[in-house]
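Q: What follows is a structure written as structure tokens; I'll ask about it next.
Protein chains: 2
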Amino acid sequence: MQNNSQKNSQAHASQAHASQAHGGIKPSPFAPPLTTKALQVPGIEARTAACGLRYSDRDDLLLLSFAKGSVCAALFTQSTAPAAPVIWSKQAIAKNPNARAMLINAGQANALSGSEGTRAMEISRDALAKISGISKNEVLLASTGVIGEPLNGEKIAYILPKMLAKKPCDWLTAARAITTTDSFPKVAAANTDINGTPIQIVGIAKGSGMIAPNMATMIACIATDAKINPKLLQQLLSESNEQAFNAISIDSDTSTNDTLLAVASGKQKHTPITSIDFHNNHLQKSHAQNFINSFYKVMQSLAKQIAMDGEGISKFITVRTKNAQNKEQARTIGLSILSSPLVKIALAYNDPNWGRIAMAIGKTKLHINWQKVTIAFGESGEHVVFANGEPTKMNTREETQLKKTVAKPRITILIDLQEGKAHPVDTWGCDLTHENLRINGDYRS
Amino acid sequence: MQNNSQKNSQAHASQAHASQAHGGIKPSPFAPPLTTKALQVPGIEARTAACGLRYSDRDDLLLLSFAKGSVCAALFTQSTAPAAPVIWSKQAIAKNPNARAMLINAGQANALSGSEGTRAMEISRDALAKISGISKNEVLLASTGVIGEPLNGEKIAYILPKMLAKKPCDWLTAARAITTTDSFPKVAAANTDINGTPIQIVGIAKGSGMIAPNMATMIACIATDAKINPKLLQQLLSESNEQAFNAISIDSDTSTNDTLLAVASGKQKHTPITSIDFHNNHLQKSHAQNFINSFYKVMQSLAKQIAMDGEGISKFITVRTKNAQNKEQARTIGLSILSSPLVKIALAYNDPNWGRIAMAIGKTKLHINWQKVTIAFGESGEHVVFANGEPTKMNTREETQLKKTVAKPRITILIDLQEGKAHPVDTWGCDLTHENLRINGDYRS
Numbered sequence: 292m293q294n295n296s297q298k299n300s301q302a303h304a305s306q307a308h309a310s311q312a313h314g315g316i317k318p319s320p321f322a323p324p325l326t327t328k329a330l331q332v333p334g335i336e337a338r339t340a341a342c343g344l345r346y347s348d349r350d351d352l353l354l355l356s357f358a359k360g361s362v363c364a365a366l367f368t369q370s371t372a373p374a375a376p377v378i379w380s381k382q383a384i385a386k387n388p389n390a391r392a393m394l395i396n397a398g399q400a401n402a403l404s405g406s407e408g409t410r411a412m413e414i415s416r417d418a419l420a421k422i423s424g425i426s427k428n429e430v431l432l433a434s435t436g437v438i439g440e441p442l443n444g445e446k447i448a449y450i451l452p453k454m455l456a457k458k459p460c461d462w463l464t465a466a467r468a469i470t471t472t473d474s475f476p477k478v479a480a481a482n483t484d485i486n487g488t489p490i491q492i493v494g495i496a497k498g499s500g501m502i503a504p505n506m507a508t509m510i511a512c513i514a515t516d517a518k519i520n521p522k523l524l525q526q527l528l529s530e531s532n533e534q535a536f537n538a539i540s541i542d543s544d545t546s547t548n549d550t551l552l553a554v555a556s557g558k559q560k561h562t563p564i565t566s567i568d569f570h571n572n573h574l575q576k577s578h579a580q581n582f583i584n585s586f587y588k589v590m591q592s593l594a595k596q597i598a599m600d601g602e603g604i605s606k607f608i609t610v611r612t613k614n615a616q617n618k619e620q621a622r623t624i625g626l627s628i629l630s631s632p633l634v635k636i637a638l639a640y641n642d643p644n645w646g647r648i649a650m651a652i653g654k655t656k657l658h659i660n661w662q663k664v665t666i667a668f669g670e671s672g673e674h675v676v677f678a679n680g681e682p683t684k685m686n687t688r689e690e691t692q693l694k695k696t697v698a699k700p701r702i703t704i705l706i707d708l709q710e711g712k713a714h715p716v717d718t719w720g721c722d723l724t725h726e727n728l729r730i731n732g733d734y735r736s
Numbered sequence: 292m293q294n295n296s297q298k299n300s301q302a303h304a305s306q307a308h309a310s311q312a313h314g315g316i317k318p319s320p321f322a323p324p325l326t327t328k329a330l331q332v333p334g335i336e337a338r339t340a341a342c343g344l345r346y347s348d349r350d351d352l353l354l355l356s357f358a359k360g361s362v363c364a365a366l367f368t369q370s371t372a373p374a375a376p377v378i379w380s381k382q383a384i385a386k387n388p389n390a391r392a393m394l395i396n397a398g399q400a401n402a403l404s405g406s407e408g409t410r411a412m413e414i415s416r417d418a419l420a421k422i423s424g425i426s427k428n429e430v431l432l433a434s435t436g437v438i439g440e441p442l443n444g445e446k447i448a449y450i451l452p453k454m455l456a457k458k459p460c461d462w463l464t465a466a467r468a469i470t471t472t473d474s475f476p477k478v479a480a481a482n483t484d485i486n487g488t489p490i491q492i493v494g495i496a497k498g499s500g501m502i503a504p505n506m507a508t509m510i511a512c513i514a515t516d517a518k519i520n521p522k523l524l525q526q527l528l529s530e531s532n533e534q535a536f537n538a539i540s541i542d543s544d545t546s547t548n549d550t551l552l553a554v555a556s557g558k559q560k561h562t563p564i565t566s567i568d569f570h571n572n573h574l575q576k577s578h579a580q581n582f583i584n585s586f587y588k589v590m591q592s593l594a595k596q597i598a599m600d601g602e603g604i605s606k607f608i609t610v611r612t613k614n615a616q617n618k619e620q621a622r623t624i625g626l627s628i629l630s631s632p633l634v635k636i637a638l639a640y641n642d643p644n645w646g647r648i649a650m651a652i653g654k655t656k657l658h659i660n661w662q663k664v665t666i667a668f669g670e671s672g673e674h675v676v677f678a679n680g681e682p683t684k685m686n687t688r689e690e691t692q693l694k695k696t697v698a699k700p701r702i703t704i705l706i707d708l709q710e711g712k713a714h715p716v717d718t719w720g721c722d723l724t725h726e727n728l729r730i731n732g733d734y735r736s
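Chains as they are written, first to last, in the working numbering: chain A, 292 to 736; chain B, 292 to 736.
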């Protein structure tokens, strides 16, 4: 795929996956097909190792190395119980956007893990800095797994030399190394261009539980070989995140470890990117527009993949909110619907219970003019259940068709507020199933 | 119990219940025992009828009649999708605190039910006003059940004359008539005094799903024969509600129909109540203090009963938050823990997963000094799992004991913030079980 930009340089997001399950977790029915294309981003290398931190039969450590001159931007959890690696990385990137490496482990979140956890974070950070000949301020860290369990920093320090001696791995292997209860590794990629110069964007993500919209609620890394200054990269990351990771909810619980990193190696020589503008519906003409759109699509693909891999999911749900006063109002409504246990349980049971959808809109406390609101099911809102202040009186045929639509694995709920002129906002989530309870009840034991 | 005030007039709350289940719903393991004591509040009468609105085998309509001169206060859902009876009652009580009747039906929420729902509300309201010889402005209404289904106003109008011809029923029968997925009717009572004059307080409530703290998240009525002006009654209701119905969460979903009514018939001649003060830890000396404390205890008993009857519950969970900066901070933290699906699932599976408790504290975004926080399980916080910034290193014996404690049906989680001097605040909730999914998946079908 590398150096193989499409003729018209149009952005596209492709997915590269293995749908193998691990750890007794059934693969999500929404796991995308595996493609074996080699995705590469010049200047960014990935290496994995089986460190035995929690899992004994798989790689659980990922090292991303960034060429000199790479710039980074990041978003972190808004939780006031941030994990040790979050506390470190937040201050490191604030001081120095030119990180050279990021180390991610799966198994222990290293959150609320006390002085031992802080020490483990420091041991692995300092070991990586030493062996790579970089400063500790150039090292970023992320952890995912069980909260409160200390990390074994020595094990990581011990394996690092072996890991660095390895050849770089592909992005699918990288994505697989950071999974926990994920049923499939999450990768998205685009080859695009800046003013004709081919540009690669590859993203990986993990996450299938403790997912709620509160900054980047998972671990994800977006790598590109574009050249961009850190402020613009941060802006690109923050703005596209509003309609990506901030537009999903699996269980309304916000993690202590959420970390979203963007890294740009600057290996391609292209016309400089001078501005990022997301507000004009992605339509303004800029020589970097293909790149911006592609970056956004990679982000969104990863976010949707996370929602598709909600623990024990049987339905993937899209809520499309139209004609809100603004995008934030639309997103608040979409996420309230997707976070409601009662809505999620109804949909798991194939019940088009729109009363609960209305309840979830009402509980946002946003002003709603119910005489104007339309609630509908179906890709194009073909099953209207409430409009003009009235529930739809359906005949038996219409009811049967609605039930068929809701019994499908992919459900779209359309909310038309007729309140303002905001463009439609999509939000994504999943149902609440018995399998979700089983996975979350068994996770630690 | 009536006219049988205790020698020292000390307030106490007693519970009177039947734990029979209905509608295929297993009785909650926390259903209090049935007592057959006749509770009466002079000036307030209850009557029930089987109207066949949704249920065919039980009473589903409750009429409360208030003697002339009774005063009312109420709290309603903060949902911006309020049901037709909520819209009506809110404006009626704002204009006239001297309501003479309240009519409550179970089966249809009459929310988002369009013009047909509004008409049904008006038909039943006007019929009741006419047959009782009162103004429609003296009629309050509440509905509970499925959202979006219109109510049959004619059926109600038809049964009202028969209903009014009946003798008043006891409060247990009244409470049972308004249940939906409740596994037991909820009644609490206290006999207390105002300056030596015996005073009765009886409360009933319904609710076991769509319960989240957002004003009065259910239907409840507190009746007393005390004489009190409507402003003070409203203050008493609002303030005691903060530590009652606003301190519970079953599923974090806020209903369209929440209604909490207090009615005081004024049938007892006692020293006038001149002020309500809740802020001094209920300790200030006022001749109405016994009454105020008893009112609060009745409210709290009903709120706890609702949490104990969470749909499909296997655990009743108390979170006690100590040394917060203020009560609101304490309640926010308690309710965030009780609303977290991941915490609730862990506890359903007997997993003392304190990492998820810390996550739920962090996601409130409140500033927390983790060096000071203690997290513990057990009635008196005997199992400390996190303190002084460190997870507790437990030996096998301690771990076994902790697991035993968490395997019990009643679990207390203690959070000591060491942040301020707020008195301990209790909040109540339940676990998230497979039975909850089954009940909520099957509710409409």
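Cβ atoms here follow ideal geometry from the backbone N, Cα and C, with glycine treated the same way.
Would you tell me roughly how many angstroms separate the C-alpha atoms of B:Ser-474 and B:Ala-598, rounded to the nearest one?
A: Distance between the alpha carbons of B:Ser-474 and B:Ala-598: 12 Å.
Q: Pick helix, strand or coil for A:Gly-494, following the three-state DSSP scheme.
A: Three-state DSSP puts A:Gly-494 in a strand.
Q: May I ask which residues mark the beginning and end of the beta strand (DSSP E) holding B:Arg-345?
A: B:Arg-345 -> no beta strand (DSSP E), and no H or E assigned at all.
Q: Take the Cβ of A:Gln-596 as the centre, count every other Cβ of all protein chains shown within 10 Å, and call the residue buried at 16 or more, exposed below.
A: Result: buried.
Q: Which chain B residues are close to A:Ser-404, counting only those with a beta carbon under 8 Å from its beta carbon?
A: Those are Pro-682, listed as they occur along chain B.
Q: Helix, strand or coil, according to DSSP, for B:Glu-619 in the structure here?
A: The answer is helix: DSSP assigns B:Glu-619 an H, G or I state.
Q: Based on DSSP bridge pairs, tell me the residues matched to A:Lys-477.
A: Its beta-bridge partners are A:Ala-496.
Q: Going along the segment 452-471 of chain A in order, which residues come within less than 7 Å of chain B, judged by CB to CB distance?
A: Listed by position, the residues of the segment 452-471 of chain A near chain B (Cβ gap below 7 Å) amount to none.
Q: DSSP three-state label for A:Val-664, please.
A: Reduced to three states, the DSSP call for A:Val-664 is coil.
Q: Under a Cβ-count criterion, where at least 16 other Cβ atoms within 10 Å of its own Cβ denotes burial, should B:Pro-373 be classed as buried or exposed?
A: It counts as buried.
Q: Pull up the DSSP beta-bridge partners for B:Arg-467, would you.
A: Per DSSP, none; premise fails for B:Arg-467.
Q: Under 8 Å between C-beta atoms, does B:Trp-645 make it to chain A?
A: Chain A contact via Cβ: present.
Q: Between which two residues does the alpha helix (DSSP H) holding A:Leu-455 run?
A: Looking at the DSSP string, the run of the alpha helix (DSSP H) that includes A:Leu-455 is 444-456.
Q: From the beta carbon of A:Thr-547, is the nearest beta carbon of chain B less than 8 Å away?
A: It does; some Cβ of chain B falls within 8 Å.
Q: Under 7 Å Cβ-Cβ, which residues of chain B neighbour A:Leu-693?
A: The contacting residues do not exist; A:Leu-693 stays about 13 Å from chain B at best.
Q: Could you give the first and the last residue of the continuous alpha helix (DSSP H) run that contains B:Gly-732?
A: Run containing B:Gly-732: 725-733, per the alpha helix (DSSP H) assignment.
Q: Return the residues of the segment 369-394 of chain B that lie within a Cβ-Cβ distance of less than 9 Å from chain A, sorted by chain order.
A: So the list reads Gln-369, Ser-370, Thr-371, Ala-372 and Pro-373, given in the order they occur along the chain.
Q: With the cut-off set at 8 Å, would you say A:Asp-432 and A:Arg-416 are in Cβ contact?
A: Correcting the residue type first, residue 432 of chain A is Leu in the shown sequence and not Asp. Yes, they are a contact pair.
Q: Quick check on DSSP: helix, strand or coil for B:Ala-553?
A: The answer is strand: DSSP assigns B:Ala-553 an E or B state.
Q: Could you say which of B:Gln-620, B:Ile-624 and B:Met-650 lies nearest to B:Leu-633 if we only look at CA atoms?
A: The option with the nearest alpha carbon to B:Leu-633 is B:Met-650.
Q: So, with DSSP's three-state summary, where would you put B:Phe-321?
A: Three-state result, B:Phe-321: coil.
Q: Counting only beta-carbon atoms, is B:Trp-719 nearer than 8 Å to chain A?
A: B:Trp-719 does not count as touching chain A.
Q: Strictly under 8 Å for the Cβ-Cβ distance: is A:Asn-614 near chain B by that measure?
A: Answer no: the Cβ-Cβ gap between A:Asn-614 and chain B never drops below 8 Å.
Q: Look at the Cβ atom of A:Ile-465, then the Cβ atom of A:Leu-353, and state whether they are nearer than 8 Å.
A: Strictly speaking, residue 465 of chain A in this sequence is Ala, with Ile absent from that position. Closer than 8 Å, so yes.
Q: Pair every Cβ in the segment 612-622 of chain A with every Cβ in the segment 706-715 of chain A, then say whether three or more of these pairs are closer than 8 Å.
A: Taking 8 Å as the limit for Cβ pairs, the verdict is that the segment 706-715 of chain A does touch the segment 612-622 of chain A.
Q: Name the one or two DSSP bridge partners that B:Ile-513 has.
A: According to DSSP, which records beta bridges pairwise, B:Ile-513 is partnered with B:Gly-494 and B:Ala-553.
Q: Quick one: does A:Lys-654 have its CB under 8 Å from some CB of chain B?
A: So, interface residue.
Q: To which residues does DSSP link A:Ala-535 through a beta bridge?
A: For A:Ala-535, which the question treats as bridged, DSSP gives no partner whatsoever.
Q: Can you give me the C-alpha to C-alpha distance between A:Ile-510 and A:Leu-551, rounded to a whole angstrom?
A: If you take the alpha carbons of A:Ile-510 and A:Leu-551, they lie about 6 Å apart.
Q: Please go through the same chain and pick out, in chain order, the residues whose beta-carbon is closer than 7 Å to the beta-carbon of B:Ser-319, but skip the five residues on each side of it.
A: So the list reads Ser-474, Phe-475, Met-599, Asp-600 and Ile-604, once near-sequence residues are dropped.
Q: So for B:Glu-681, helix, strand or coil by DSSP?
A: In this structure, B:Glu-681 counts as strand in the three-state DSSP scheme.
Q: Rounded C-beta distance between A:Phe-668 and A:Thr-696? I'm assuming under 8 Å.
A: That pair is a contact at about 5 Å.
Q: Got a sec: is the Cβ-Cβ distance from B:Gly-732 to anything in chain A below 8 Å?
A: Yes, B:Gly-732 counts as interfacial toward chain A.
Q: What did DSSP end up calling B:Ile-378 once you bin it into helix, strand or coil?
A: Helix.
Q: Would you tell me roughly how many angstroms separate the C-alpha atoms of B:Ala-411 and B:Ile-495, rounded to the nearest one?
A: Approximately 25 Å, taken between the alpha carbons.
Q: Chain B beta carbons: is any one of them nearer than 8 Å to that of A:Asp-642?
A: Yes - at least one Cβ of chain B is within 8 Å of the one on A:Asp-642.
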